[in-house]
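Here's the structure, in structure tokens; my notes come after.
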Amino acid sequence: MAPKASSATLRLKQDYLRLKNDPVPYVVAEPNPSNILEWYYVVSGPDDSPYAGGYYLGRLVFPRDFPFKPPSIYMITPNGRFKTNTRLCLSISDYHPDTWNPAWSVSTILTGLLSFMLESCPTMGSIEMSDFERRQLAAQSLEVNIHDENFCELFPDLTETIKNEIEKRNVAKASEEQSPSAEGSTQETNMLHSVFYNSVVIVAFALFIYLVRYVLYNMNIE
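According to full-length UniProt numbering, the stretch in the sequence shown is residues 1 to 222, in order.
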């Protein structure tokens with residue numbers, strides 16, 4: 001007889017408390033307030049990886065007989081490692097119920113997910129991309145996530161962090177765009193100064209020639 005849904009609910013509540021007391025590095029997770037069998041997680045790209053600076057939203061869907069059966073795992077934010085909105089074939093997911101261990105917790109699942117993400121082994125739902133392309137997606141992930149309703153609702157602190165980072169990027173970009181204009185203005189000013197100086201020199205030289213001719217002319221008359 002399959003365990004009741006209340007058993008899964010109790011276990012997930014326990015896992016949530018453990019996760020809060022002992023967070024998983026680079027990963028945070030929150031259950032859907034209206035359905036504890038659905039969780040959302042966010043992976044923060046480790047600094048020594050092509051995902052550095054990126055934030056990747058994903059989803060866990062737990063069966064009613066959890067922890068006796070594994071959850072479905074999805075990645076939502078484009079990342080260059082896994083397809084988005086596709087069930088991922090991992091040893092900790094429902095693709096491999098034969099390798100699932102009921103003793104594994106949500107923390108175990110998130111730790112395993114991060115490990116798979118940082119590897120390069122192909123699996124069902126994985127994709128091949130260069131590190132350069134993954135870094136580009138990491139940079140783009142900020143804008144993607146702040147437009148995701150679940151991300152903003154469940155992870156307000158991360159949302160604020162991302163908004164601040166985007167603002168810094170926009171300020172830096174504006175400064176870069178202004179710099180060439182300022183440099184061009186300086187060059188134009190210098191050019192005008194040079195033209196003015198050269199004009200003065202030419203006029204002065206012309207006056208000098210005129211004066212010399214005038215003096216010589218007067219000397220000849222005398």
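For every residue, glycine included, the Cβ atom is placed at its ideal position computed from N, Cα and C.
On a predicted model such as this, the values are computed, not experimentally measured, just so you know.
Just the C-alpha distance for residue i and residue j, rounded to the nearest angstrom, thanks.
i, j, result
"D65", "W39", "16 Å"
"residue 225", "E30", "The requested residue 225 is not part of the displayed model; the chain covers only 1 to 222."
"L137", "F155", "20 Å"
"I166", "S6", "42 Å"
"R11", "W104", "11 Å"
"T99", "I92", "7 Å"
"I73", "N21", "23 Å"
"S175", "F132", "25 Å"
"P46", "L118", "9 Å"
"R169", "E143", "11 Å"
Can residue i and residue j be called in contact, C-beta distance under 8 Å?
i, j, result
"Y16", "S44", "no"
"L57", "N145", "yes"
"Y95", "I162", "no"
"F116", "L158", "no"
"G80", "A139", "no"
"S141", "R18", "no"
"P70", "P33", "no"
Could you please give me the residues that DSSP links to residue i through a beta bridge?
i, result
"T84", "M75"
"S44", "Y55"
"S126", "F82"
Residues in the same chain with beta-carbon distance under 6 Å from residue i, minus the five sequence neighbours each way, listed in chain order, please.
i, result
"T9", "I36"
"T86", "G125"
Contact check, residue i vs residue j under 8 Å by CB: the rounded distance?
i, j, result
"L110", "Y51", "Contact flag wrong, Cβ pair sits at about 15 Å."
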